[in-house]
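Q: Below is one structure. I have some questions about it.
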Amino acid sequence: MGQRILVVDDAAFMRMMIKDILNKNGFEVVGEAQDGAQAVEKYKELEPDLVTLDITMPEMDGLAALKEIKQHDSKANVIMCSAMGQQAMVIDAIQAGAKDFIVKPFQAERVVEAIQKALG
């Protein structure tokens, strides 16, 4: 049984790319969300082993979602996804409890490595 992962990104194309990488590497994608508010709801509903969370999204950004998820579950494993040039936000995210971050465009090896590291 693969690790259960929630994929959060406002771009359907990015969700599809990351799901493809995860599925090929034996992870189970249990849900998807397209903004931070949805991510928090889905996390509470699905209780996944890990969340990949985009930083820049409408409604509620990834940083706010991360803080809410961590408030709900202090042990939550969250990996932030960011485009180049968002270093300051990445640092904020790590300080708020994110385990790691991956940069877009996604490289399969880096995604898998970050997830395995976060899940120990």
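Numbering follows UniProt numbering, with no gaps: position 88 of the sequence shown is 88. Built from N, CA and C at the ideal position, the CB exists for glycine as well.
Measuring straight from C-alpha to C-alpha, what distance separates I50 and E32?
A: The displayed chain sequence assigns Leu, not Ile, to residue 50. Distance between the alpha carbons of L50 and E32 is about 12 Å.
Q: Answer with buried or exposed for E68, where buried requires no fewer than 16 other C-beta atoms within 10 angstroms of its C-beta.
A: E68 should be labelled buried.
Q: Under 8 Å: do the stretch 58-72 and the stretch 29-47 share three or more Cβ pairs, one atom per stretch?
A: Yes: the two stretches touch, three or more of their Cβ pairs being nearer than 8 Å.
Q: Let me know the secondary structure DSSP gives F27 once reduced to three states.
A: Coil at F27, not helix or strand.
Q: Is it right to say M84 is buried, meaning 16 or more other beta carbons lie within 10 angstroms of its own, or is it exposed?
A: Label assigned to M84: exposed.
Q: Tell me which residues share the same chain as V40 and place their Cβ nearer than 8 Å to its Cβ, disregarding the 5 neighbours each side in the sequence.
A: Hits under 8 Å: M60, A65, E68, I69 and H72.
Q: Thinking K99 and N77 are a contact (beta carbons under 8 Å), I'd like their distance in whole angstroms, please.
A: The Cβ separation is near 6 Å, so the contact holds.
Q: Could you give the distance in angstroms between the alpha-carbon of Y43 and the alpha-carbon of Q3?
A: Roughly 14 Å between the two C-alpha positions.
Q: Helix, strand or coil for I91 per DSSP?
A: Helix, per DSSP.
Q: When the distance is taken between beta carbons, is K19 closer than 8 Å to V29?
A: Cβ distance < 8 Å, so V29 and K19 count as in contact.
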